[in-house]
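K.L.:
I'd like to ask some things about the structure below.
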Amino acid sequence: NMVTGAADAVMTWVLGEFTALRYVSISGNYCTDKKPSAVNGLLGRGKNVVA
């Protein structure tokens, strides 16, 4: 998506400016907003309100 592409472009620039840094991956597959995941069950997703 556009955010991933923009973040990748920023990282390319940052790595050019700061050569001591190391870049491994644009996504660690922790982005589970639209797929079933144990993380969503444990940490929740979105906001919860109890009244």
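Counting from 1 along the sequence shown, just add 806 to a position and that's the residue number in this note's numbering.
We treat Cβ as the ideally placed atom computed from N, Cα and C, and that holds for glycine.
Using DSSP with H/G/I as helix, E/B as strand and the rest coil, what is Val816?
P.N.:
Helix, per DSSP.
K.L.:
If you follow the alpha helix (DSSP H) that Ala844 is part of, which residue opens it and which one closes it?
P.N.:
That run of the alpha helix (DSSP H) goes Ala844 to Leu849.
K.L.:
Within the same chain, show all residues whose beta-carbon is closer than 7 Å to that of Ile832, passing over the 5 residues directly before and after it, in chain order.
P.N.:
Contacts found: Thr810, Ala813 and Asp814.
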